[in-house]
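Residue numbers for the sequence shown follow UniProt numbering, beginning at 1 and rising by one.
Below: one structure, written as structure tokens.
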Amino acid sequence: MPLIYDFMPVSLSDYPGVVACTVFLPGCNFRCPYCHNGPLVMRNPEGKVAEGTLFEYLEKRKNLVDGVCVTGGEPTLWGDLGDFLEKLKKRGLKVKLDTNGSQPEVIKELLHKGLVDYVAVDIKAPPEKYSLFTKYKEHVDGVLESVELVKASSVDYELRTTVHERVLSLEDIKAIARWLSGAKMYVLQGYRYSEGVLDPEFCGKKPCDKAFLERAKEEISEHFGEVVIRS
Ligand code: SF4
1 MPLIYDFMPV SLSDYPGVVA CTVFLPGCNF RCPYCHNGPL VMRNPEGKVA
51 EGTLFEYLEK RKNLVDGVCV TGGEPTLWGD LGDFLEKLKK RGLKVKLDTN
101 GSQPEVIKEL LHKGLVDYVA VDIKAPPEKY SLFTKYKEHV DGVLESVELV
151 KASSVDYELR TTVHERVLSL EDIKAIARWL SGAKMYVLQG YRYSEGVLDP
201 EFCGKKPCDK AFLERAKEEI SEHFGEVVIR S
């Protein structure tokens with residue numbers, strides 16, 4: 001079973017339309033300078049929460065919590081993730097997976113086995129700018145493949161990009177939109193600074209400009225079923 005770094009008992013925002021418990025699995029193969037989960041990503045994977053504690057909580061709150069958002073870090077690095085998700089599904093819980101998309105073979109298997117109900121894939125940048133987030137080309141190839149898998153699947157999904165005008169230009173966002181074109185849901189997430197960001201200089205302390213997000217949305221809407229701004 002994956003180690004559980006921590007869990008948030010109830011979240012109304014991590015899983016669209018579902019009252020969810022959010023579970024954080026440690027370790028990540030990317031090093032996004034704007035990552036808010038520094039301690040979780042940098043630390044050698046170590047579990048802080050016993051699996052039994054999580055399942056006891058879910059049992060006790062089964063009338064309140066309808067789903068689990070499994071996030072990280074990067075959950076798909078855990079080889080036995082499928083066993084963990086299966087345990088959640090057996091309890092009648094909906095499962096959302098947050099992923100950077102670098103492990104398409106894992107996503108493919110989870111989709112095939114029906115172990116996820118919603119997948120959120122982070123899209124960091126146009127493919128040629130991914131070197132800001134990972135130095136491995138196979139990660140980028142993985143994201144390209146994961147996008148196609150998720151788009152072709154029958155589960156709910158979102159493709160989402162954290163945006164700050166210091167990092168991604170309007171042209172970059174338009175290039176992402178051409179790449180992802182035809183996806184049903186794309187989310188522009190405005191960056192916000194917080195303590196613990198891996199590299200505070202990367203985006204600076206000012207949040208993403210709202211007018212920039214609105215302009216980006218306007219420019220790319222034709223490519224998607226729906227474009228949502230979260231800021
Ligand atoms: S992929 Fe996500 S968890 Fe990993 S470093 Fe980037 S923002 Fe952090």
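C-beta: ideal position from N, C-alpha, C; glycine also.
Neighbourhood of residue i by C-beta distance below 8 Å, restricted to the same chain and skipping five residues each side
i      : result
Leu198 : Arg31, Cys32, Pro33, Tyr34, Cys35, Gly38, Val41, Met42
Pro126 : Asp172, Ala175, Ile176, Trp179
Exposed unless 16 or more other CB atoms sit within 10 angstroms - verdict on residue i
i           : result
Asp117      : buried
His139      : buried
residue 258 : It is not possible to answer for residue 258, since the shown part of the chain is limited to 1 through 231.
Val227      : buried
His164      : buried
Leu111      : buried
Ala152      : exposed
Tyr136      : exposed
Thr18       : Before going on, a small fix: residue 18 reads as Val here, not Thr. The residue is buried, with at least 16 neighbouring Cβ atoms inside 10 Å.
Ser102      : buried
Own chain residues within Cβ distance below 7 Å of residue i, not counting five before or after
i      : result
Lys205 : Tyr193
Ile220 : Ile173, Lys174, Ala177, Val227
Leu142 : The question names Leu, but residue 142 in the sequence shown is Gly. Around Gly142: Gly101, Ser102, Gln103, Pro104.
As assigned by DSSP and simplified to three states, the class of residue i
i      : result
Ile229 : strand
Ser11  : strand
Phe24  : strand
Tyr191 : coil
Ile123 : coil
Arg160 : strand
Gly38  : helix
Lys89  : helix
Leu54  : helix
Through-space distance from residue j to residue i, alpha-carbon basis
i           : j      : result
Gly225      : Lys184 : 4 Å
residue 247 : Lys174 : With the chain running from 1 to 231 in the structure shown, residue 247 is simply not present.
Ala50       : Asp66  : 21 Å
Gly72       : Leu64  : 23 Å
Pro2        : Phe24  : 10 Å
Val95       : Phe133 : 27 Å
Gly52       : Glu109 : 25 Å
Lys90       : Tyr186 : 30 Å
Gly190      : Lys129 : 18 Å
Leu54       : Arg160 : 28 Å
Gly79       : Val155 : 22 Å
His223      : Gly182 : 6 Å
Asp6        : Lys48  : 6 Å
Val121      : Thr162 : 11 Å
Cβ neighbours of residue i in the same chain (closer than 6 Å, five flanking residues each side left out)
i      : result
Ile107 : Ser146, Leu149
Leu93  : Gly67, Val68
Asp85  : The identity of residue 85 in the sequence shown is Leu, whereas the question assumes Asp. The residues are Val95, Leu115.
Residue i Cβ short of 6 Å to ligand 2 heavy atom set
i     : result
Val41 : The model on display carries ligand 1 but not ligand 2.
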